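Chains as they are written, first to last, in the numbering used here: chain A, 3 to 347; chain B, 91 to 330. Glycine included, every Cβ here is placed at the ideal spot set by N, Cα and C. Remember, predicted model here, so these are calculated numbers, not experimental data.
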């Protein structure tokens, strides 16, 4: 808990200083993509890591957020300060609706039905031409007026800090959530649903709260994306965003808050460095994921957290547990109870 | 009159797993403040009965009355709030959480912090071994300590009726005596206990009455003393 908090604080502080060292358009663009990815990965991780289900259609919320922001901005002319929060709210409401249906299912059924929702939304975006402009998408989404006349690098700087604020806010809310009573109860459900019920937890309700929060974070990411790219098309509901999210969460370590942050940084950098390999890029990506699943099944942060704790544990044991400590290992599903199994498939 | 003293009553309860019927219309009554044991071989339906009472399985027909009110279709979390705590089989604690966290999660549905704190203290008094291990991961405890933790966690919800599924499973005789002793004390404090056991003798040593299950039916009932004194019954149904 402490380790995680310090790690996240350090990461945010470091990120705030980065533009001092790398003040050019390319570096800031990478930074912005990292902020955006951190939000996406945090959002997916809330469900994969804390509900223990695997929503293969999680892009639905990202897409809903992106389209909401795009339409609110392009059609109604709302400024960015309203569209991005509204994107989060619209996504949260649809999370409530979709979660209320899908969370009654578990395992593979949940995976398939969430995927169906994303696919249906993609088809809607593609075909409801009056609203979404179909495959042409919504373009010309306004940048904030304060940077209208600014140079490219200044615009990027604005988006970088806006992304940092949004990502930090998402992480803060997730942190408060995970370490609240509700978050602990969610872990209890993930580890053993029946026992959780035996102490009076209602798993469906917990899952729904987590789902809505994850949807809201995903929606914020979508709104931010829409304004930064200034174009939104049906591909926001597509599978490629989903794959990126999965890799970030798995590589970083599901069920930890720091994991998705590390995963996001890793994946964005890898994507850039692997550009030279062109078509081979995704094959190499795939190999990396296979390697991670085999050698670090709990992800990078799961691995580091483990090490960290085994060093920490020894003195405590010799003190006979008299020291008050709040230690929490990242998710370890006991054998046979691995509800996140789909994630490894 | 009788309805008032019965804290729990099963009426003609049937429970099915899909098409397989696990309980064929069982009837039983449990009075306030007693310890009742459910005996029987594997697959006789004892654990199924407990799961049906705590709401984890929905009855196909029949009724479950708790303090005179039907709880047959109630949600499991609300049943816990009503005062029935279920400590499931194989002592499923959360191995990756500390003993303290396991216990405090037990008070999940208790909104009153000071009351939860009070229960926490009384659980630690009951099981002093747990106090020594508060900040250890629960997975590192011995089997007996895990069982104590599971019972302690169930007590954190402040139950009136405690359902225990095989509390002595896999414990050394000494440890299981310690656990059973704790049950006797709990009963003296006024908690009604329904216990499922394979080990007939240890079950009958704490219980005042027992029901014998066979293939989803209740085939015998009586006071613990009668059961122990009736070698035919023991041999016929339990192979003891």
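Please confirm whether residue i and residue j have their CB atoms less than 8 Å apart.
{"i": "residue 205 (chain B)", "j": "residue 214 (chain B)", "result": "no"}
{"i": "residue 126 (chain B)", "j": "residue 297 (chain B)", "result": "yes"}
{"i": "residue 67 (chain A)", "j": "residue 103 (chain A)", "result": "no"}
{"i": "residue 189 (chain B)", "j": "residue 245 (chain B)", "result": "no"}
{"i": "residue 244 (chain A)", "j": "residue 60 (chain A)", "result": "yes"}
{"i": "residue 85 (chain A)", "j": "residue 225 (chain A)", "result": "yes"}
{"i": "residue 223 (chain A)", "j": "residue 64 (chain A)", "result": "yes"}
{"i": "residue 234 (chain B)", "j": "residue 261 (chain B)", "result": "yes"}
{"i": "residue 201 (chain A)", "j": "residue 212 (chain B)", "result": "no"}
{"i": "residue 152 (chain B)", "j": "residue 111 (chain B)", "result": "no"}
{"i": "residue 212 (chain A)", "j": "residue 190 (chain A)", "result": "no"}
{"i": "residue 145 (chain A)", "j": "residue 34 (chain A)", "result": "no"}
{"i": "residue 141 (chain A)", "j": "residue 75 (chain A)", "result": "no"}
{"i": "residue 219 (chain A)", "j": "residue 172 (chain A)", "result": "yes"}
{"i": "residue 197 (chain A)", "j": "residue 182 (chain B)", "result": "yes"}
{"i": "residue 138 (chain B)", "j": "residue 105 (chain B)", "result": "yes"}
{"i": "residue 210 (chain A)", "j": "residue 105 (chain A)", "result": "yes"}
{"i": "residue 10 (chain A)", "j": "residue 216 (chain A)", "result": "no"}
{"i": "residue 221 (chain A)", "j": "residue 94 (chain A)", "result": "yes"}
{"i": "residue 71 (chain A)", "j": "residue 89 (chain A)", "result": "yes"}
{"i": "residue 174 (chain B)", "j": "residue 162 (chain B)", "result": "no"}
{"i": "residue 37 (chain A)", "j": "residue 168 (chain A)", "result": "yes"}
{"i": "residue 123 (chain A)", "j": "residue 239 (chain A)", "result": "yes"}
In three-state DSSP terms, what is residue i?
{"i": "residue 186 (chain B)", "result": "coil"}
{"i": "residue 310 (chain B)", "result": "strand"}
{"i": "residue 319 (chain A)", "result": "Note on residue 319 (chain A): pLDDT 45, under 50, position unreliable in the model; no value is reported."}
{"i": "residue 292 (chain B)", "result": "helix"}
{"i": "residue 283 (chain B)", "result": "strand"}
{"i": "residue 324 (chain A)", "result": "Residue placement at residue 324 (chain A) is poorly supported in this model, since its pLDDT is 38, which falls under 50; the coordinates are not used for a value here."}
{"i": "residue 55 (chain A)", "result": "coil"}
{"i": "residue 13 (chain A)", "result": "helix"}
{"i": "residue 101 (chain B)", "result": "strand"}
{"i": "residue 125 (chain B)", "result": "strand"}
{"i": "residue 227 (chain B)", "result": "strand"}
{"i": "residue 141 (chain A)", "result": "strand"}
{"i": "residue 192 (chain B)", "result": "helix"}
{"i": "residue 47 (chain A)", "result": "helix"}
{"i": "residue 230 (chain A)", "result": "helix"}
{"i": "residue 130 (chain B)", "result": "strand"}
{"i": "residue 135 (chain A)", "result": "coil"}
{"i": "residue 96 (chain B)", "result": "strand"}
Over the uninterrupted beta strand (DSSP E) stretch that includes residue i, give me the two end residues.
{"i": "residue 245 (chain A)", "result": "From DSSP, residue 245 (chain A) is part of no beta strand (DSSP E) but of the alpha helix (DSSP H) over 241-254."}
{"i": "residue 301 (chain B)", "result": "299-304"}
{"i": "residue 113 (chain B)", "result": "110-121"}
At which residues does the alpha helix (DSSP H) containing residue i begin and terminate?
{"i": "residue 26 (chain A)", "result": "Counting along the chain, residue 26 (chain A) falls outside any alpha helix (DSSP H), and DSSP gives it neither H nor E."}
{"i": "residue 89 (chain A)", "result": "82-104"}
{"i": "residue 157 (chain A)", "result": "154-180"}
{"i": "residue 67 (chain A)", "result": "61-76"}
{"i": "residue 110 (chain A)", "result": "110-129"}
{"i": "residue 207 (chain B)", "result": "203-216"}
Please confirm whether any heavy atom of the ligand NAD lies closer than 7 Å to the CB of residue i.
{"i": "residue 67 (chain A)", "result": "Among the components of this structure there are no ligands whatsoever, and the ligand NAD is therefore not found."}
**Q.** Whole beta strand (DSSP E) elements within the stretch 243-278 of chain B, 3-residue minimum
**A.** 251-255
Q: Let me know the beta strand (DSSP E) ranges lying completely inside the stretch 142-181 of chain B, each 3 residues or longer, listed in chain order.
A: 151-156 and 174-177
Q) Which residues, taken in chain order from the stretch 151-184 of chain B, show a beta carbon closer than 9 Å to some beta carbon of chain A? A) 165, 166, 167, 168, 169, 170, 171, 175, 176, 177, 178, 182, 183 and 184
Q: Return the residues of the stretch 165-199 of chain A that lie within a Cβ-Cβ distance of less than 8 Å from chain B, sorted by chain order.
A: 183, 186, 187, 189, 190, 193, 194, 196, 197 and 199
Q: Entirely within the stretch 255-290 of chain A and at least 4 residues each: give me those alpha helix (DSSP H) ranges in chain order.
A: 260-275
Q.
Closer than 7 Å between beta carbons: that is the criterion. Which residues of the stretch 198-221 of chain B meet it against chain A?
A. 198 and 199
Q | Contacting positions in the stretch 201-227 of chain A - beta carbon closer than 7 Å to chain B | A | 201, 202, 203 and 204
Q) In chain order, which continuous runs of the alpha helix (DSSP H) of length 4 or greater are located wholly inside the stretch 183-224 of chain A? A) 183-193 and 195-200
Q.
At a CB distance below 9 Å, what residues from the stretch 239-258 of chain B approach chain E? Give them in sequence order.
A. Within the model displayed, chain E is absent; protein chains A and B are what it includes.
**Q.** Contacting positions in the stretch 122-147 of chain B - beta carbon closer than 9 Å to chain A
**A.** 141, 144, 145 and 146
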